[in-house]
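So the structure is just underneath, and the comments pick up after that.
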Amino acid sequence: MDLNFTPEETAFRDEVRAFLKDELPSEVADKVRAGRELTKADMERWHAILNARGWLAATWPKEHGGAGWNAVQRHIFEEECCLASAPRIVPFGLFMLGPVLIKFGSPEQQKAVLPRILDGSDWWCQGYSEPGAGSDLASLKTRAVRDGDHYVINGQKTWTTLGQHANKIFCLVRTSTEGKPQQGISFILVDLDTPGIEMRPIKLIEGGHEVNEVFFTDVRVPAENLVGEENQGWTIAKYLLTHERTNIAGVGFSVQAFEQLKSLAQQVRRGGKRLIDNPLFAARLAQIEIDLEAMKITNLRMLAEAQKNGAPGPESSILKIKGTVIRQALNDLSRRALGPAAAPFPSEDLEGNLAVAPADHARDAARYFNNRKISIFGGSNEIQKNILTKAMLEL
Amino acid sequence: MDLNFTPEETAFRDEVRAFLKDELPSEVADKVRAGRELTKADMERWHAILNARGWLAATWPKEHGGAGWNAVQRHIFEEECCLASAPRIVPFGLFMLGPVLIKFGSPEQQKAVLPRILDGSDWWCQGYSEPGAGSDLASLKTRAVRDGDHYVINGQKTWTTLGQHANKIFCLVRTSTEGKPQQGISFILVDLDTPGIEMRPIKLIEGGHEVNEVFFTDVRVPAENLVGEENQGWTIAKYLLTHERTNIAGVGFSVQAFEQLKSLAQQVRRGGKRLIDNPLFAARLAQIEIDLEAMKITNLRMLAEAQKNGAPGPESSILKIKGTVIRQALNDLSRRALGPAAAPFPSEDLEGNLAVAPADHARDAARYFNNRKISIFGGSNEIQKNILTKAMLEL
Amino acid sequence: MHFELTDDRRMLADTLNRFLTDTYGIEHRNKVAYEAPFHDPAKWAELAELGPLFALVPEEQGGFGGAGFDIATVFEPLGRALCPEPVLPALMAARLLAAAGEDLEPLLSGATRYAVALGETDAPYALEDIATEAAPAGEGWELTGRKSVVYGGNAAGKFLVAARAGDVIGVYEVDAEDAAVTGYGMIDGGGAAEVFLEKTKARQVLADAGAALQDALDFGALALCAEAVGAMDVTYDMTLDYLKTRKQFGRAIGSFQALQHRMVEMKTEIEQARSITILAASRMGTEEQSRTVSMAKNLIGRAAKLVAEEAIQMHGGIAMTWEYPASHYAKRLVMIDHQLGDTDHHLEKVMAGLQVA
Amino acid sequence: MHFELTDDRRMLADTLNRFLTDTYGIEHRNKVAYEAPFHDPAKWAELAELGPLFALVPEEQGGFGGAGFDIATVFEPLGRALCPEPVLPALMAARLLAAAGEDLEPLLSGATRYAVALGETDAPYALEDIATEAAPAGEGWELTGRKSVVYGGNAAGKFLVAARAGDVIGVYEVDAEDAAVTGYGMIDGGGAAEVFLEKTKARQVLADAGAALQDALDFGALALCAEAVGAMDVTYDMTLDYLKTRKQFGRAIGSFQALQHRMVEMKTEIEQARSITILAASRMGTEEQSRTVSMAKNLIGRAAKLVAEEAIQMHGGIAMTWEYPASHYAKRLVMIDHQLGDTDHHLEKVMAGLQVA
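Right under this line is the structure:
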């Protein structure tokens, strides 16, 4: 047993830390810390800074312009980014499409697409979920019918995150209705400027706009935009699911949230005392700290396992389940710590002059509601439990 | 809305209370309070006292020697008995077989059996569960084959509570293997002295002997011992399940346990203070008090509903589920309150001279372990949830 | 012992439910609840005409109710409809004005909207911690301090402000136009305000208001419990409906046992919440009023959070959207815990009472 | 960073596991664990010969281990076998004797069985509350007080007793024959004793033992955590097996989704328990030793209770019986929380540390 990083890993962490200290724009970090919405420009700015350092595409091999990091390096980088309140890298081009093209794409596709992801020319979004197929991707209905050199796409995608900023979308589409439902699915690249596509915002529970619906009506897409073989889409989707799952425990987010919460509990006063001195509150806080400390190790254990085996096993579903439970508990406790001050609808005013809540906490209730999504999206915790039951428990 | 008892009900409660004060033997109540095992003589003594007062068979009509109480009276009586630490009435003859015979039995059976239940001549036990059929009664396998004037019984029953004191057993047996599994079941009375019956004790988790296995090998039982029609057993079992479920919330037990726990928390000291002054412990205690106060009302609401409709509805499963959760939480907290003093294996010595734990609490851990059964026996909480799902939620 | 409403109360509940169902549907509600003035003044007038405000106070004070079950009867329908009208501030103001023997007519008729300004940044729930000061000034009084997150304060004509003169906490009336009031909307709909008082002119309503304020808080908390029960019932039904109709992996998701058992747990907690609210309603006006209300508010806080979170989780995505009504129910259910004392605040009160009993 | 045992430790674990599996099966265990002397003296000697006691202390003190991971390596197999031998008292005594620079040979060879007498009726967990008094008497000392539920005390030759001389808590050695010792068995197997001291002759081992006692408590708690992880693994496997084989309503009960999801929750908490035990083991000897051990003992307490209760519930009846091994695992898992500080005791320690960090 050795819970410490190697000297090389420690050196890497110090390098990342120094980089973040020097290069992360403080106005952007401030927004992240306070849970405010980032603009497209904010995200592009951070991507450009990372790209300049060669750290934008963590997992891509160096020959494609990636950092070529291993799992431990990625983990260190992600954790440090969280602690520094860096924006999350928009994953659709970098961590989803990129690896798919590197594994399944043609050389032409790689050459055409990858550099434009890195330099920010293209913003990709994801067309996986459909209104009738959330956790159950195999039942998707959006059709792509071959018509000469083109596919003609009809259907509807939903939960398309940050689609409002995107100019491209990669989709899972049904190219066959024969055999098992999984067998007739293909993976295809679509330019959002193509006629027949309409993107509509979905307003979320807390009022934010981060996801969208995308409607396809007779959208003609060149056949060479198909990635891999026709009807190979399920294989590609599964590849992403097993190989590219990273940071699913969200430990970095939780550590950062815990530190913010502890500081909040030292600012808030109840009954003439600091909230952190209230035993009931402190008990909840300590309980989460303990679960989080354990989670850090569970995360490292599975990381070590993945490092050894090349890919995370089904037990990594535990990370998703418990990781989201812990994050949500932290959001819950922050909201509660604020009392009535959590209740106002977030606005610039409330964060600025009015200061109903302590600085950086005006959006804690909104964050709590928004983060109810993390146990739903990306394979709900119920689905994760089903996966575990089958794979690990053999039930 | 009126949460108060009527003047008549209040007068009845006072009458019960006075009776218990005068007639409940204090050495028996002491045992109940401390969770010590009652002897057969203790239970028979209490039954005789109740019978002398005409209160032993609460639900039987008066013409059969019962008290003829309605649901509210029964509730009042049971609650008062719990608060006074009276022994629980052994239910098999009085609340299970009796009502079955009154509803389904022949006049001869009623005349032969009921008086002997009341006067203590017979001690009945129950032969329902089998090793392969716990919550799933329809799959029971014990066979009764008609042979002239007799049925010949072969098979095994289990979880037969207090069978060691009994001279009679009523059984569900399979008389047909045709049709649905529920359809081939019959209800039959068996004398335990009949050749071919063997009763073996089952030692429970905490070391106590309250349940048994019963083995039947070619046991010849007169055909007139059949209750109702052949293959009508399922109907009888269901009748018991819906009409004779009483006190399934166990509110009286919980109220009594809560009072004992509160008193314990005032005796036990930690860090120079009484345990009840420890905020973490007090929070748990207050939480249970709240849930229990709500449960009292939930219980009354369903009682009023049952009173109105003649029988409790499927929603009474809620009482079983939440009632056992609360009781088990109380047992859990008592055990914890004791710290290391909960750990010794119960013995006379530990209760007497040695006094490792405060008086009446030497068996709190044993009680905690023993009461894990209440969410399992009598239709596990999982089964209750299935029932509710079907009947109430229509899922 | 029975659990049926009197005919009068059932009629009131029916009337309210019908009015809200017919004229205050969720789309209308969402339109008015999130935009200034964060309620619908026209509907407020109609609502007042229906008479529910009169049900909040006893006959002696010009009403026709005022008992615990009257409060529950009014607020459960409001909860079912997620109604953002400021009935709660009216109830609490009515209790305070009645305690002072003042004329309630302007309030009960709906003509004057009151807000009750208790909480402060460092004193969100507990009266003892109130720091706003009242000082005599000429014939009247002057108040100095900041009242934070005053529900209904964004659209109130008058404020009843809790302030201390030395050790004694009193209640003072302030005209909205005399104070610096900044209104805003709430994350779960409805409006509130920050009220800044700087030697602000005030009229003393109650010199020593400890008991009256606690009583107003108790009645307010009971109202919130009833509101939550109404909202939980609707949320539960919505979820049950969804489980029956939504298909995944080729079957209704309600056929999955793990979800079924969680539905039972929701249902159980809702019934427990209903029970404790009934108990609290029955104990209003007795010695056990405050402690029982605290029990109710604690249980409601836990149950409402469970129902909200489980409803979202079992809907799986759709209830994360603004468009789907369950999201608004979930927000209200969670945020009720931030009003008039949260689960822990009330648990501490119940803990304190463990010793005496 | 890696999570593999060194070869030496893996060998030790294998040896222990094999010894216990081969010679200390559950039937033998249940025979000896519940009847005086509540362990098996012959097996104790064999066990001692295998060397695990030497793994409990570092080389300087005559052992070959003593690090956190050595402790975990020894106690996890003991937990898997539910072994009632008094290894825990030996560990804690060894830490105290080592702190005093005393000869450990009689202990490590298994020749002398020690029990560590800390807890009292009103001071079950916290050292500060200890009331037993030590007074000088001639060349030595005399102790007066009662030590309650001294694990292993029923079969110990020597006691290391924590007692106060004025404000200072020290450690004193008492021969079993000099004290009034009443032994008894435990509900989860194994033995303990009440130790009555009445001007009982004693030898001072450590005058001011605050730090050494805390260290012994930390190591003891770590050992209990590792023991619990071993017992949880076995209980989980037993339950999983049962779910796969037991049929109800015509299908394996493991096919019911509600139970499946609860198995996942059990598994998750067991993995968390394993993780926090690893973390605590890694922090022994550092400044964070005590706080991390408290974290571990708290999480273990919660996880072990969950596993015990869920195992019984999912077995549904059979695990309520003495005959079925899971019942004994469940008892041990629950009762571990009653040793060396329960979940709340340790939570309070973690809470205290929130402030500093």
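Chains as they are written, first to last, in my numbering: chain D, 349 to 743; chain Y, 349 to 743; chain V, 10 to 366; chain Z, 10 to 366. Heads up, the beta-carbon is just placed ideally off N, CA and C, and yes, glycines get one too.
Can you confirm whether Y:Lys721, when its beta carbon is compared against all beta carbons of chain Z, has any partner nearer than 7 Å?
Residue numbering aside, residue 721 of chain Y sits at position 373 when the second sequence is read from its first letter. Yes, because at least one Cβ of chain Z sits closer than 7 Å to the Cβ of Y:Lys721.
Taking the alpha carbon of V:Gly387 as the point to measure from, which residue in V:Asp112, V:Thr121, V:Gly162, V:Lys208 has its own alpha carbon closest?
Given a span of 10 to 366 for chain V in the structure shown, any question on residue 387 of chain V remains unanswerable.
Extent of the continuous alpha helix (DSSP H) to which D:Asn679 belongs
Taking the first residue of the first sequence as position 1, residue 679 of chain D is located at position 331. It spans 665 to 686 - the alpha helix (DSSP H) in which D:Asn679 sits, taken as one unbroken run.
Give a yes or no on whether the minimum CB-CB distance between Z:Gln322 and chain V is below 7 Å.
The residue you call residue 322 of chain Z lines up with position 313 of the fourth sequence. Chain V, which has no Cβ nearer than 7 Å to the Cβ of Z:Gln322, makes this no.
Is the Cβ-Cβ distance between Y:Asn679 and Y:Arg715 less than 7 Å?
Here the question's residue 679 of chain Y lines up with position 331 in the second sequence. Here the question's residue 715 of chain Y lines up with position 367 in the second sequence. Yes, the pair counts as a contact, with Cβ atoms nearer than the cut-off.
Out of Z:His48, Z:Arg255, Z:Leu105, Z:Gly362, state which residue places its alpha-carbon closest to the alpha-carbon of Z:Val170.
The sequence position of residue 170 of chain Z within the fourth sequence is 161, counting from 1. Cα-wise, what sits closest to Z:Val170 is Z:Leu105.
Bounding residues of the beta strand (DSSP E) (the contiguous stretch that carries Y:Phe563):
Against the second sequence, residue 563 of chain Y aligns to sequence position 215. Counting along the chain, the beta strand (DSSP E) containing Y:Phe563 begins and ends at 557 to 570.
Need the endpoints of the beta strand (DSSP E) that Y:Phe629 sits in, please.
Taking the second sequence and counting its residues from 1, one reaches residue 629 of chain Y at position 281. Per DSSP, Y:Phe629 belongs to no beta strand (DSSP E); it is in the alpha helix (DSSP H), 627 to 657.
Would you please state the rounded distance, in angstroms, between the beta carbons of V:Lys167 and V:Asp184? I believe it to be under 8 Å.
Here residue 167 of chain V refers to the residue found at position 158 of the third sequence. Here residue 184 of chain V refers to the residue found at position 175 of the third sequence. Contact holds; Cβ gap of about 6 Å.
7 Å CB neighbourhood of Z:Asp187 in its chain, flanking five on each side removed
Taking the first residue of the fourth sequence as 1, we reach residue 187 of chain Z at position 178. So the qualifying residues of the chain are Thr209, Lys210.
Taking only runs that begin and end inside the segment 437 to 479 of chain D, name each unbroken beta strand (DSSP E) of 3 or more residues, in chain order.
472 to 475
Evaluate contact between the segment 731 to 741 of chain D and the segment 264 to 277 of chain Z, counting only Cβ atoms and requiring at least three cross-stretch pairs below 8 Å.
yes
Assign D:His557 to buried or exposed, taking buried as 16 or more other Cβ atoms, counted over all protein chains shown, within 10 Å of its Cβ.
Along the first sequence, read from residue 1 onward, the residue named residue 557 of chain D stands at position 209. Counting Cβ neighbours within 10 Å, D:His557 comes out exposed, since fewer than 16 surround it.
Suppose the cutoff is 6 Å on Cβ atoms and the five residues either side in sequence are ignored; what does the same chain contact list for D:Gly441 look like?
Taking the first residue of the first sequence as position 1, residue 441 of chain D is located at position 93. For D:Gly441, where only same-chain residues beyond five positions count, the Cβ hits under 6 Å are Ile465, Trp472.
Should D:Leu537 be labelled buried (16 or more other beta-carbon atoms within 10 Å of its own) or exposed?
Numbered from its first residue, the first sequence carries residue 537 of chain D at position 189. By the neighbour-count rule (16 or more Cβ atoms within 10 Å), D:Leu537 is buried.
If you draw a straight line from the alpha carbon of Z:Ala366 to that of Y:Arg618, how long is it in whole angstroms?
In the fourth sequence, the residue the question calls residue 366 of chain Z occupies position 357. In the second sequence, the residue the question calls residue 618 of chain Y occupies position 270. Legend: pLDDT at Z:Ala366 = 49, less than 50; position of this residue unreliable, no value from coordinates given.
For D:Met391, collect the residues of the same chain with a Cβ closer than 7 Å to its Cβ; drop the 5 residues on either side in sequence, then sort them by chain order.
To locate residue 391 of chain D, count along the first sequence from 1; it is residue 43. So the qualifying residues of the chain are Pro435, Val438.
DSSP on V:Glu8, reduced to helix/strand/coil?
The structure shown has nothing for residue 8 of chain V, since chain V only spans 10 to 366.
Compute the Euclidean distance between the alpha carbons of Y:Val704 and Y:Asp539, then round it to the nearest angstrom.
One-based indexing of the second sequence puts residue 704 of chain Y at position 356. One-based indexing of the second sequence puts residue 539 of chain Y at position 191. The alpha-carbon atoms of Y:Val704 and Y:Asp539 are separated by roughly 45 Å.
Residues in the segment 194 to 214 of chain Z with C-beta within 8 Å of chain Y's C-beta atoms, listed in sequence order?
Gly194, Met195, Ile196, Asp197, Ala201, Glu203
So with CB distances below 9 Å, who are the chain D contacts of Y:Leu681?
Within the second sequence, the letter at position 333 stands for residue 681 of chain Y. By Cβ distance, chain D contributes nothing, its closest Cβ being about 15 Å from Y:Leu681, past 9 Å.
Rounded straight-line distance, which links the Cα of Z:Thr330 to that of Z:Leu136
Here residue 136 of chain Z corresponds to residue number 127 of the fourth sequence, with the count starting at 1. Here residue 330 of chain Z corresponds to residue number 321 of the fourth sequence, with the count starting at 1. Near 38 Å, if we compare the C-alpha coordinates of Z:Thr330 and Z:Leu136.
Hey, does Z:Gln266 have any beta-carbon neighbour from chain V nearer than 7 Å?
Counted from its first residue, the fourth sequence places residue 266 of chain Z at position 257. So yes, Z:Gln266 belongs to the interface.
Mind checking Z:Leu315: buried by the 16 CB within 10 Å criterion, or exposed?
By 1-based counting over the fourth sequence, the position of residue 315 of chain Z is 306. Z:Leu315 comes out buried.
Over what stretch of residues does the beta strand (DSSP E) that includes D:Val704 continue unbroken?
As a first step, residue 704 of chain D must be located in the first sequence, where it is residue number 356. From DSSP, D:Val704 is part of no beta strand (DSSP E); its letter is neither H nor E.
Using a Cβ-Cβ distance cut-off of 7 Å, determine whether V:Pro133 contacts chain D.
For this step, residue 133 of chain V is matched to residue 124 along the third sequence. It does; some Cβ of chain D falls within 7 Å.
Got a sec? Which residues, its chain only, sit under 8 Å from D:His395 by beta carbon, not counting five neighbours each side?
Translated into the one-based positions of the first sequence, residue 395 of chain D becomes position 47. Same-chain partners within the cutoff: Leu404, Ile437, Val438, Gly468.
Give me the chain Z residues within the contact set of Y:Phe563, using Cβ-Cβ distance strictly less than 8 Å, ordered along the chain.
Start at 1 with the first residue of the second sequence, and residue 563 of chain Y comes out as number 215. Near Y:Phe563 there are no residues of chain Z at all, since even the closest Cβ is about 16 Å away, more than 8 Å.
May I ask you to verify whether the segment 246 to 259 of chain Z touches the segment 293 to 303 of chain Z, counting CB pairs closer than 8 Å and requiring at least 3?
no
Helix, strand or coil for D:Asn718? Go by DSSP, reduced to three states.
The residue given as residue 718 of chain D occupies position 370 in the first sequence. Helix.
Anyone know if the C-beta pair for V:Ala267 and Z:Ala267 falls short of 7 Å?
Against the third sequence, residue 267 of chain V aligns to sequence position 258. Against the fourth sequence, residue 267 of chain Z aligns to sequence position 258. Yes; because the gap between Cβ atoms is below 7 Å, this pair is in contact.
So, does the segment 481 to 499 of chain Y touch the segment 608 to 617 of chain Y, judging by three or more C-beta pairs under 8 Å?
no
Can you tell me which of D:Lys586, D:Asn626, D:Asp470 puts its alpha carbon nearest to the alpha carbon of D:Ser534?
Taking the first sequence and counting its residues from 1, one reaches residue 534 of chain D at position 186. Residue D:Lys586 is the option with its Cα nearest to D:Ser534.
The segment 259 to 283 of chain V: positions lying closer than 9 Å to chain Z by Cβ
Phe265, Gln266, Ala267, Leu268, Gln269, His270, Arg271
On the three-state DSSP scale, how would you describe D:Arg622?
To locate residue 622 of chain D, count along the first sequence from 1; it is residue 274. Of the three classes helix, strand and coil, the one that applies to D:Arg622 here is strand, per DSSP.
What do you get for V:Asp17, buried or exposed, if any count of 16 or more other CB atoms within 10 angstroms of its CB means buried?
Walking along the third sequence from the start, residue 17 of chain V turns up at place 8. Flag for V:Asp17 reads exposed.
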